[in-house]
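S.K.:
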Amino acid sequence: MLNRNSYLDIRSNYSLEKSNTFGLDVTSESFYIVKSLNDLRNVLSENKTRKITVLGGGSNIIFTKFLDGLCLKIDLKGIDIIEEHKNNVIINVMAGENWHDFVKWTVNNGFGGIENLSLIPGLVGAAPIQNIGAYGVELKDVFISCKTINIKDQTEKEFDEKNCLFGYRTSRFKNIDKNIYIITSIKIRLTKEKHKYNISYGSIKEEIGNREINLKSISKAVIKIRKSKLPDTNLLGNCGSFFKNPVIHESKYFELKKKFPSISAFKVEKNQYKVSAAWLIEFLKYKGKSIGNVGVYKNQALVLINLGGATGKEVLSLANKITYEVYSTFKINLQPEVEIL
Ligand SMILES: Cc1cc2nc3c(=O)[nH]c(=O)nc-3n(C[C@H](O)[C@H](O)[C@H](O)COP(=O)(O)OP(=O)(O)OC[C@H]3O[C@@H](n4cnc5c(N)ncnc54)[C@H](O)[C@@H]3O)c2cc1C
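Just so we're aligned, residue 0 is where the sequence shown starts under numbering that gives the first Met the number 0, counting upward by one.
1) Spatial neighbours of Trp278 within its chain, please: C-beta separation below 7 angstroms, excluding the five flanking residues on both sides.
2) In three-state DSSP terms, what is Asp100?
3) How about Lys103: is its C-beta nearer than 9 angstroms to some C-beta of chain B?
4) Just confirm the distance between the C-beta atoms of Gly308 and Thr190, as a whole number of angstroms; I'd bet it's less than 8 angstroms.
5) Terminal residues of the continuous beta strand (DSSP E) containing Lys257?
6) By how many angstroms is the C-alpha of Ser35 removed from the C-alpha of Glu16?
7) Which of the three DSSP states, helix, strand or coil, is assigned to Thr20?
8) In chain order, what residues of the same chain have a beta carbon less than 8 angstroms from the beta carbon of Lys50, not counting five sequence neighbours either side?
9) By DSSP, does Lys269 sit in helix, in strand, or in coil?
10) Judging by CA-CA distance, which residue of Phe259, Glu45, Phe282, Phe253 is the nearest neighbour of Gln271?
11) Give me the Cβ distance between Asn115 and Ile217, rounded to the nearest whole Å; I'm assuming they're in contact under 8 angstroms.
12) Within the present structure, is the beta-carbon of Ala125 separated from the nearest heavy atom of ligand 3 by less than 8 angstroms?
13) Hey, would you say the C-beta of Ala277 is under 8 angstroms away from at least one heavy atom of ligand 1?
14) Run the proximity test for Thr63: is its beta-carbon closer than 8 angstroms to any non-hydrogen atom belonging to ligand 1?
15) Buried or exposed: which applies to Leu75, given that a residue is buried once 16 or more other Cβ atoms fall within 10 Å of its Cβ?
16) Between Tyr180 and ligand 1, is the CB less than 8 angstroms from at least one heavy atom?
17) Along the chain, where does the beta strand (DSSP E) that runs through Ile89 open and close?
18) Quick one: residues in its chain with C-beta nearer than 8 angstroms to the C-beta of Leu42, no 5 flanking neighbours on either side, listed in chain order?
19) Flag Gln153 as yes when its Cβ comes closer than 8 angstroms to any non-hydrogen atom of ligand 1, and as no otherwise.
20) Which of the three DSSP states is assigned to Arg3 in this structure?
21) Answer with buried or exposed for Leu54, where buried requires no fewer than 16 other C-beta atoms within 10 angstroms of its C-beta.
22) Could you tell me whether the Cβ atoms of Val314 and Leu23 are closer together than 9 angstroms?
23) By Cβ distance below 8 angstroms, which residues in the same chain neighbour Gln153 in space, the five residues on each side in sequence not counted?
24) Which residue marks the beginning of the beta strand (DSSP E) containing Glu45, and which one marks its end?
25) Could you name the residues of the same chain whose beta carbon sits closer than 6 angstroms to that of Gly166, not counting the 5 residues immediately before and after it, in chain order?
26) So, using beta-carbon positions, are Glu249 and Asn59 closer together than 9 angstroms?
27) So is Glu83 buried or exposed if we call it buried at 16+ other beta carbons inside 10 Å?
28) Does the beta-carbon of Val53, which I'm using as the reference point, lie nearer than 8 angstroms to any heavy atom of ligand 1?
29) Using only the heavy atoms of ligand 1, determine whether one of them is closer than 8 angstroms to the beta carbon of Phe165.
30) How about Ala94 and Ile185: do their beta carbons lie closer than 9 angstroms?
31) Using C-beta distances below 7 angstroms, list every residue in its chain close to Ser240, excluding the 5 sequence neighbours before and after it, in chain order.
32) Start and end of the beta strand (DSSP E) containing Ile182?
33) By how many angstroms is the C-alpha of Thr183 removed from the C-alpha of Ser202?
34) Going by other Cβ atoms of all chains shown within 10 Å of its Cβ, with 16 needed for buried, is Glu155 buried or exposed?
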């Protein structure tokens, strides 16, 4: 429905069911699709007093209740090569581009650096929020900067890689500056030749087998592996990994190792071990289990799934149950990777 007080096409009481990959049927008080930077500036300045929620592809969000205020779906488009050098290119991508389509574009153009990040759902603008990563590569490895607009005063600011404070599935935008900025575009550097292939993670090497190692074969292998492990969001609502892999001190790890010899973990930094959250959940026999309309995926214990008609509250209740039991058994605090609203 058109908001009569504005020339902007703001819809009221809009169902977000098709706007989040978990398929949660939650209503947004107001919903607006942002198609240009001017649109974005206007809608923000006309709605200064309202609560703003930014939405990309909805693949990392769990809606647990009616979303009050204004939900802005980012649909800014454009991919530009802004500098071309002998060995690399600098590319500017607008926040509303689909991440995987962009990866395909880079691979088809022979630009290397994000082929391991093939098939991650969502939009480009959300990629810096949690510094998306997979198969040994993170966004930060190719990232130069991102442009943002401040939600409150519409000032524009560019953050370079260092200033984004990237970490494992995190950045300043998920922490100190949560809900302050809208990312409108990102700038990344990719290789044109002398690509640094990263095939040591997962089973990429085995999947490629005797074929030539190049951008296309790596991307293809990653897509195949991901399809075999993760549920297709079009068939089974989910948000990918629900929890982060907890990082613990080595003394705690050695203690756990004595008690649970098969615990899965690897050293990440001096004195720090990253524990497989999937292993912890599987150990507690949650893999394949369901409560009401929400379940733990049978092939990957880190993924919670919508068995049909699930509500955000049901998701939260299963997530809380798992978190509680993990803590009771291992004294480890699981943190959600997804944004819970
Ligand atoms: C099957 C599956 C597999 C996945 N695999 C991976 C994986 O391998 N690695 C990985 O890192 N993630 C993975 N994810 C999680 C998810 O795809 C990423 O986090 C992705 O970047 C989210 O993008 P989105 O556009 O859907 O963001 P949304 O879910 O729409 O939003 C996520 C958060 O970012 C904020 N946000 C979105 N866009 C903007 C913007 N332009 N400016 C400011 N804030 C914004 C939102 O407010 C919200 O807080 C997976 C998800 C699924 C469903």
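Here a beta-carbon is modelled for each residue, glycine too, at the ideal position from N, C-alpha and C.
M.R.: Let me lay it out:
1) Ile262, Ser263
2) helix
3) The structure shown contains no chain B; it is built from a single protein chain.
4) Going by Cβ atoms, the distance from Gly308 to Thr190 rounds to 46 angstroms, so no, they are not a contact pair.
5) Unbroken run through Lys257 is the alpha helix (DSSP H), 249 to 258; no beta strand (DSSP E).
6) 24 angstroms
7) coil
8) Asp67, Gly68, Leu69
9) coil
10) Phe253
11) 7 angstroms
12) The ligand content of the structure shown is limited to ligand 1, which means ligand 3 is not among them.
13) no
14) no
15) buried
16) yes
17) 87 to 93
18) Reading off the sequence, residue 42 comes out as Val, not Leu. Contacts found: Leu7, Ile9, Tyr31, Val33, Leu69, Leu71.
19) no
20) Reliability of the predicted coordinates at Arg3 is poor, the pLDDT of 44 falling under 50, and no value is obtained from them.
21) buried
22) yes
23) Arg40, Leu43, Ser44
24) Careful: Glu45 lies outside any beta strand (DSSP E), inside the alpha helix (DSSP H) at 36 to 45.
25) none
26) no
27) exposed
28) yes
29) no
30) yes
31) Leu301, Val302, Glu336
32) 180 to 190
33) 35 angstroms
34) exposed
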